[in-house]
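According to my numbering, the residues represented by the sequence shown are 76 to 591, in order.
Virtual Cβ for every residue (Gly too), placed ideally from N, Cα, C.
Predicted, not measured: the structure shown is a model, and the values here were computed from it.
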Amino acid sequence: MSRPFPGSMALSVPEVEKQMPAEPQPGHEQQSWWCLVFFLCFYGFMAQMRPGESFITPYLLGPDKNFTQTQVTNEITPVLSYSYLVVLVPIFLLTDYLCYKPVLLLQGLSYVSVWLLLLFGSTVLHMQFMEFFFSITMAARIAYSSYIFSLVPPARYQRMASYSRASVLLGVFTSSVLGQLLVTVGRVAFSTLNYISLAFLTFSLVLALFLKRPKRSLFFNRGVPGPAGAAPSELDQMNPGQAKAAGAKPGWLPAAWRDSTFVRVPGELGRAVRLPQLRLWSLWWVFNSAGYYLIVYYVHILWNVVHPTTDTTRVYNGAADAASTLLGALTSFAAGFVKIRWALWARLVIAVVTVLQAGLVFLMYKTDDIWLCYAAFVLFRGSYQFLVPIATFQIAASLSQELRALVFGINTFLATVLKTVITLIVSDKRGLGLPVHSQFLVYFVYFLVLFAAYFLAAVLVGLRHFQQSRHQPLPAAQELMSPMQEKATQDGAQLPALEDGVFAVGELSPQSEAKA
Numbered sequence: 076m077s078r079p080f081p082g083s084m085a086l087s088v089p090e091v092e093k094q095m096p097a098e099p100q101p102g103h104e105q106q107s108w109w110c111l112v113f114f115l116c117f118y119g120f121m122a123q124m125r126p127g128e129s130f131i132t133p134y135l136l137g138p139d140k141n142f143t144q145t146q147v148t149n150e151i152t153p154v155l156s157y158s159y160l161v162v163l164v165p166i167f168l169l170t171d172y173l174c175y176k177p178v179l180l181l182q183g184l185s186y187v188s189v190w191l192l193l194l195f196g197s198t199v200l201h202m203q204f205m206e207f208f209f210s211i212t213m214a215a216r217i218a219y220s221s222y223i224f225s226l227v228p229p230a231r232y233q234r235m236a237s238y239s240r241a242s243v244l245l246g247v248f249t250s251s252v253l254g255q256l257l258v259t260v261g262r263v264a265f266s267t268l269n270y271i272s273l274a275f276l277t278f279s280l281v282l283a284l285f286l287k288r289p290k291r292s293l294f295f296n297r298g299v300p301g302p303a304g305a306a307p308s309e310l311d312q313m314n315p316g317q318a319k320a321a322g323a324k325p326g327w328l329p330a331a332w333r334d335s336t337f338v339r340v341p342g343e344l345g346r347a348v349r350l351p352q353l354r355l356w357s358l359w360w361v362f363n364s365a366g367y368y369l370i371v372y373y374v375h376i377l378w379n380v381v382h383p384t385t386d387t388t389r390v391y392n393g394a395a396d397a398a399s400t401l402l403g404a405l406t407s408f409a410a411g412f413v414k415i416r417w418a419l420w421a422r423l424v425i426a427v428v429t430v431l432q433a434g435l436v437f438l439m440y441k442t443d444d445i446w447l448c449y450a451a452f453v454l455f456r457g458s459y460q461f462l463v464p465i466a467t468f469q470i471a472a473s474l475s476q477e478l479r480a481l482v483f484g485i486n487t488f489l490a491t492v493l494k495t496v497i498t499l500i501v502s503d504k505r506g507l508g509l510p511v512h513s514q515f516l517v518y519f520v521y522f523l524v525l526f527a528a529y530f531l532a533a534v535l536v537g538l539r540h541f542q543q544s545r546h547q548p549l550p551a552a553q554e555l556m557s558p559m560q561e562k563a564t565q566d567g568a569q570l571p572a573l574e575d576g577v578f579a580v581g582e583l584s585p586q587s588e589a590k591a
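Structure follows, in structure tokens:
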């Protein structure tokens, strides 16, 4: 199985205006800031060091464990989707309620449990428990993404997002390259590679013990002042217009209830779902993410079918994962420089990327050349990661911070439900129990149907625009803009400059999303 991109299905970091408080002058406080940054980034890097992860499937199918392909495909791997659906919401809530650090420790313990079961487990049930613990680590990734912003003032959110994202991607890339070098050059056995992974994960768990526990969080612990004088209302100050709009609360409620997040957010959510662009990108997040993760979960099994493991030194799964990590990072970065009018062209862009993904899935299904299969997967992952930051911005830019967390959480949950239903029907032995090759044919049809829907929507929007353009000229191309920003631009209003960072999702690095 393959690791999903950290943050692919993750939340958006707080977006802050450029008019931020001045950063502290160089001195003791500045030194403390850099020490904090280094430790958090070092922890994020070490938590990704799992060089054996790219080779879990050949390890399970090889002489070390000797499971059959049917057992791995139809009995073991499906448990990951089911258990992830079960633990996602509880861990999301516990992350905020317990102020992040306990969930980071739970994630570290779960990673250690995964590799202990891999090394010493011997039955299908043991491997199913391994998948359960891995689902906990996936659900807990939001803890790190959220934790880093609870310790720094808003003026440093963007820089912290950049540093943490870079450390996670570097960790994933280094882990994949190290694993590949140990297997190919060092001729290290898969079992030894898993012992090395266990050592790294134990070290990262020890590091987590020394993480500072914050005193505030987004929902349950907002009343406690944060670092650098961050007051409970600081999140509202970062979005003053939205705070005022959200001020219209039912007058018949007690004052304490009217100010509650849980009273205000549902009203905001009802207004937000009326935005066409938010609906479009949320639907993309749900349907395309579900398909993406199904490919990521099962591609390593497909690789073993296309090229059965006879010589472990000629298994290049780690190289493919490293290449997809690098390409995903580059395409995510490049997406920020795309200048088009998204309200008009978004559906067509999504349709083009989706039909490309469908073609790549079909190539993986059809080819008997392992190198073509590797290349198709790398391009598939890169194309998905190209749209992730665009979707993140389009969804998040017009929402309050609480609503961003809620909308991304709902999107991720719905995608997980859809992925679980497809897994139950297609992969599970209680459903169709299809072999992995046949599954990829089903996934090809799935992406083809999505392409048809997006293309039809793009045609309808284009026809509507053509009719309107006779009476109104087309505005100049814009950078990534939310629907509310585009409207404000057309009305001549001045927009606050948003500094957007993306958690990382799988999201969040193309390797840390699922499992090998």
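Asked, Found
"Three-state secondary structure (DSSP) of residue 262", "coil"
"Alpha helix (DSSP H) segments (min. 4 residues) lying fully within the stretch 148–200", "153–172, 176–195"
"Environment of residue 504 [buried if 16+ CB atoms lie within 10 Å]", "exposed"
"First through last residue of the alpha helix (DSSP H) which encompasses residue 467", "445–471"
"Where residue 396 falls: helix, strand or coil (DSSP)", "helix"
"Span of the alpha helix (DSSP H) around residue 383", "Premise fails: residue 383 is in no alpha helix (DSSP H) and is neither H nor E."
"Whole-Å CB distance - residue 269 paired with residue 134, under 8 Å assumed", "7 Å"
"C-beta atoms of residue 455 and residue 469 nearer than 7 Å", "no"
"Which of helix, strand or coil DSSP assigns to residue 122", "coil"
"The alpha helix (DSSP H) enclosing residue 429, as first and last residue numbers", "417–441"
"Reference residue 378; option with closest CA among 450, 414, 416", "450"
"Bounding residues of the alpha helix (DSSP H) (the contiguous stretch that carries residue 132)", "131–136"
"Spatial distance of residue 472 from residue 228 (CA atoms)", "20 Å"
"Cutoff 8 Å; reference residue 206; Cβ partners in own chain excluding five residues on either side", "151, 152, 154, 155, 158, 590"
"Residue 349, DSSP secondary structure in three states", "coil"
"Distance, residue 138 Cα to residue 197 Cα", "12 Å"
"Validate contact between the stretch 181–195 and the stretch 206–215 using beta carbons, cut 8 Å, 3 pairs", "yes"
"Close beta carbons around residue 453, own chain, < 7 Å, minus the five adjacent residues each side", "395, 398, 399, 402"
"Boundaries of the alpha helix (DSSP H) in which residue 537 is found, first to last residue", "511–544"
"From 474, 387, 418, residue whose alpha carbon lies closest to that of residue 132", "387"
"Residue 506 vs residue 499 beta-carbon contact at 7 Å", "yes"
"C-alpha distance - residue 447 paired with residue 110, whole-angstrom precision", "45 Å"
"DSSP-derived helix/strand/coil call for residue 487", "helix"
"4 or more residues per run - each alpha helix (DSSP H) lying fully within the stretch 208–266", "216–225, 232–259"
"Short Cβ contact (7 Å threshold) for residue 364 with residue 127", "no"
"Between the CA atoms of residue 534 and residue 554 - distance to the nearest angstrom", "Unreliable positioning characterises residue 554 in this predicted model, as indicated by a pLDDT of 47, which lies under 50. The coordinate reading is nonetheless provided below. Roughly 23 Å between the two C-alpha positions."
"Best match in 480, 123, 107 for proximity to residue 277 [C-alpha to C-alpha]", "123"
"Helix, strand or coil at residue 107 [DSSP, three-state]", "helix"
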